[in-house]
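Same order as they appear, the protein sequences are chains R and A. According to the working numbering, the first sequence is numbered sequentially starting from 761. According to the working numbering, the second sequence is numbered sequentially starting from 761.
Number of protein chains: 2
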Amino acid sequence: MRDFSRDHRWLSINTATLRGAGTLDTIIEACVRHGIRAISPWRDQVHAIGLERTTELVRGLTLELSGYCRGGMFPALDPAGRRAALDDNRRAVDEAKQLEATCLVLVVGGLPGALGGTPQSKDLFAARADVRDGIAATLEYARSVGMPLAIEPLHPMYCADRACVNTLAQALDLCDELDRSAGGALGVVVDAYHVWWDPLLKSQIERAGDKRLLAFHICDWLVPTTDLLTDRGMMGDGVIDLPLMRSWMEDAGYRGFHEVEILSSNNWWRRDPDEVLTTCRVRHQTAC
Amino acid sequence: MRDFSRDHRWLSINTATLRGAGTLDTIIEACVRHGIRAISPWRDQVHAIGLERTTELVRGLTLELSGYCRGGMFPALDPAGRRAALDDNRRAVDEAKQLEATCLVLVVGGLPGALGGTPQSKDLFAARADVRDGIAATLEYARSVGMPLAIEPLHPMYCADRACVNTLAQALDLCDELDRSAGGALGVVVDAYHVWWDPLLKSQIERAGDKRLLAFHICDWLVPTTDLLTDRGMMGDGVIDLPLMRSWMEDAGYRGFHEVEILSSNNWWRRDPDEVLTTCRVRHQTAC
């Protein structure tokens, strides 16, 4: 395995980790102050300061983007809804391309209306069909501009409202169906938080191989976990065997970034961003 | 499918659904008042009023037990811990036998110490090995007294603290490994709440068949879900397509009870037990 004990060349910060720290320019400044070489920004944070301003900052500071968060959210009740989702994904591809991101992360969506709290369907098959069709259409465009798409299987507890793709096997089945050539245009995000429990994880990471493994997100599963969305832990504070998972990723050929994504409304989002980043750096070296 | 629209012959109440209603004798009286024919009691509730008293009540009222909750919790850090778990499971088998339960439900356990809030290991492989060995040892005894064991795969969000068996496929793999004859000594609980998200659910229910399908638990997945353990919904209030899942169960040969198990600290546990049971009966007829 790569030796991370003395540097953080492969550490990336997903900017959701610093949601408590202000706007994206402030977050980027903090990352640069800590010698961070790569980030993965969220679209809402980019839009808040503008795509042009973000592009200037990223280029001026020679930051890399380990990903761009996020496209997806394909399922809808009617053709107009599906069309709107495709249009939005096309814009997300363009933004990712302008920012020269490694990939556009796809959080594929769940049951229509559920994210807003009022699910309008119980039809998981329909939602999954919308996801397949939405990825297929988006892939056609993304391939034409050279932006890889990375399907992120989310933990099954998000099946209703955020993503009805919930295992790495399911995501890879989609990849194999929609991108037979497996040349890097379509792949997956392995986020430790979402997949650590999966008894098939090791074999599916092997199956994915380096062409499909487009990103690796890290944080930790806390015991107890008090909130389904925003009680994620700093690496080392939970029960995920991150070094073991990393060894599987590297055995499969992955050589990219370790992207720290911690949604933590009651802990890390409330702390000083310098403390958060210092801790990320230390834990990246000692707990991953 | 069986017509449940006019009777509740196959409705069973898991007594955890009435945790707010007092001791088990009170809960049983309430069930009988509503013409319920079957229950599935929890061991702590049985122990609180005594096994003999419970046996008297169940026999005197000719109640059936759709299951007995629960054995399992096998993983431990050392041989003494594993031995204690086996001893406890043997007692659970004896209690289930005395109560003439359909099966002993196994919630297999997660990482040692995690249920108490202080996980002492991150080794999921070791935990799963303890589970396999624990079921094997318990099965030998359970088979000798004629008590079927039913492995309940729990939702992956309980992997750390409650059960590291998290999919129906994983549970069935254990069944096939430990009980090749598939004569009914070892099978599974399909709990809608735990497995509804699984893209392989339909095929795995087919794979299980009637010999492995020992129990069917129902409730609903609420959107949003505000607590990982005790925010489960009444059938019809969430997003699970229960009639579809029931059709898969019956196509596979299942003809047993529909056991309502709703852990709901902020809603159903606070309501009058008669209202809870009336609602269970109505929803069993209209939403399942």
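No residue lacks a Cβ here, since even glycine has one placed at the ideal position from N, Cα and C.
Grouping DSSP H, G and I as helix and E and B as strand, with all else coil, what is residue i?
i	result
F885 (chain R)	helix
A1012 (chain R)	coil
S963 (chain A)	helix
E1021 (chain A)	coil
L938 (chain A)	helix
G795 (chain R)	coil
S904 (chain R)	helix
D997 (chain R)	coil
A975 (chain A)	strand
D1050 (chain R)	The structure shown does not extend to residue 1050 (chain R), since chain R is modelled only from 761 through 1048, so no value can be given for it.
E1035 (chain R)	helix
E912 (chain R)	coil
L825 (chain R)	strand
D763 (chain A)	coil
W1029 (chain R)	helix
D958 (chain A)	coil
A836 (chain A)	coil
A861 (chain A)	strand
Tell me which same chain residues have a C-beta within less than 8 Å of the C-beta of residue i, skipping the five on either side of it?
i	result
D893 (chain R)	F834, R842
R803 (chain R)	Y828, C829, R830, A852, E855
L821 (chain A)	I788, V792
A1055 (chain A)	Nothing about residue 1055 (chain A) can be read from this structure; chain A reaches only from 761 to 1048.
P908 (chain R)	T862, C863, L864, A902, G944, A945, L946, G947, L974
Would you check if the distance between the CB atom of residue i and the CB atom of residue j is smaller than 7 Å?
i	j	result
V865 (chain R)	E900 (chain R)	no
G944 (chain R)	K971 (chain R)	yes
G961 (chain A)	C924 (chain A)	Note that residue 961 (chain A) is Leu in the sequence shown, not Gly. No, these two residues do not count as a Cβ contact at 7 Å.
A808 (chain A)	E1021 (chain A)	no
A910 (chain A)	A1012 (chain A)	no
A798 (chain R)	S772 (chain R)	yes
G870 (chain A)	A929 (chain A)	no
N849 (chain A)	T898 (chain A)	yes
L1023 (chain A)	M917 (chain A)	no
L1037 (chain R)	H794 (chain R)	yes
H1018 (chain A)	W770 (chain A)	yes
R922 (chain A)	V867 (chain A)	yes
L778 (chain A)	P959 (chain A)	no
L938 (chain A)	A896 (chain A)	yes
M701 (chain R)	S1007 (chain R)	Any question about residue 701 (chain R) goes unanswered here, given that chain R covers just 761 to 1048.
S826 (chain A)	T862 (chain A)	yes
L1002 (chain A)	C1048 (chain A)	yes
List the endpoints of the continuous alpha helix (DSSP H) containing residue i.
i	result
L846 (chain A)	839 to 858
C829 (chain R)	First-last for C829 (chain R): 828 to 832, but that is the beta strand (DSSP E), not the alpha helix (DSSP H).
What residue does the beta strand (DSSP E) around residue i start on, and which one ends it?
i	result
D951 (chain R)	946 to 951
L817 (chain R)	Not the beta strand (DSSP E): L817 (chain R) falls in the alpha helix (DSSP H), residues 811 to 820.
V925 (chain R)	Run containing V925 (chain R): none; DSSP gives neither H nor E here.
V867 (chain A)	864 to 867
L771 (chain R)	771 to 774
Considering only residues of the same chain and omitting the five flanking positions on each side of residue i, which have a CB-CB separation below 6 Å?
i	result
I788 (chain R)	L817
S1025 (chain R)	T990
P879 (chain R)	L871, G873
Q805 (chain A)	T775, L784
S881 (chain R)	L871, P872
Taking CB distances under 7 Å as the criterion, tell me whether residue i reaches chain C.
i	result
L988 (chain R)	Any reference to chain C falls outside this structure, whose protein chains are R and A.
Residues in its own chain within less than 7 Å of residue i by CB, not counting five upstream and five downstream?
i	result
A845 (chain A)	M833, F834, A836, G894
W981 (chain R)	Y953, W956, G993, G998, V999, I1000
Q858 (chain A)	L811, T815
E824 (chain R)	R797, A798
A790 (chain A)	L778, A781, P1033, D1034, L1037
E860 (chain A)	L825
R967 (chain R)	L932
Give a yes or no on contact between the segment 948 to 959 of chain R and the segment 1016 to 1032 of chain A, applying the rule of three or more CB pairs nearer than 8 Å.
Touching, no, given that fewer than three Cβ pairs across the two stretches are closer than 8 Å.
Indicate whether the contact test is met: 3 or more Cβ pairs, each with one atom in the segment 927 to 935 of chain A and one in the segment 928 to 939 of chain R, closer than 8 Å.
Contact check between the segment 927 to 935 of chain A and the segment 928 to 939 of chain R: fewer than three CB pairs, one atom from each, fall below 8 Å, which does not count as touching.
Determine contact between the segment 978 to 996 of chain A and the segment 992 to 1010 of chain R, defined as no fewer than three beta-carbon pairs at a distance below 8 Å.
The segment 978 to 996 of chain A and the segment 992 to 1010 of chain R do not touch, with fewer than 3 CB-CB distances between them shorter than 8 Å.
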